[in-house]
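Here this note's numbering is used: the first residue of the sequence shown is 51, the next is one more, and so on. What follows is a set of notes on a single structure, which appears directly below.
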Amino acid sequence: MENENDFKPKFTGAEENDQQFRIEIADGHFGRFFYIKPLGHERYEILDEEDTIGTVQLDEKDHAHCESQGCELDLPILQAIRDQIKFHQELRNS
């Protein structure tokens with residue numbers, strides 16, 4: 051059965067996996083929002099409302115391990131960001 055609506059997906063020239071997405075992390079009793087931009091090879095740029103915070107690279111073999119570069123975030127927040135990136139990937143792949 052063909053699609054009966056006129057909806058056309060928006061193509062930006064970038065692959066679907068290269069699109070920026072937003073996550074929310076608990077920081078104490080408050081939520082903080084971050085934008086995540088895939089850079090390829092399991093590397094992601096972390097941005098807030100104002101600027102780039104740093105980059106994180108997930109270990110492709112050990113998903114519990116990641117390395118950060120230029121991040122001024124404490125370790126629990128960085129680990130929560132890593133978990134949200136992995137969760138986002140799993141949702142996209144299912």
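Cβ coordinates follow ideal geometry from the N, Cα and C atoms, glycine included.
- The DSSP-derived three-state label of Asp77 is strand.
- Taking C-beta atoms as the reference points, Ala130 and Ile86 fail to come closer than 7 Å.
- For Glu122, the three-state secondary structure derived from DSSP is coil.
- For Phe71, same chain residues with a beta-carbon under 8 Å away, outside a window of 5 residues either side, are Tyr85, Ile86, His138 in chain order.
- Sequence-distant partners of Gln134 (beyond 5 residues in either direction) whose C-beta falls short of 7 Å from its own C-beta, in its chain, are Ile73, Ile75.
- For Gln107, the enclosing beta strand (DSSP E) starts and ends at 102 to 108.
- Distance from the CA atom of Gly120 to the CA atom of Arg93, rounded to whole angstroms, is 13 Å.
- With respect to Glu117, Thr105 sits apart: the two C-beta atoms are not nearer than 7 Å.
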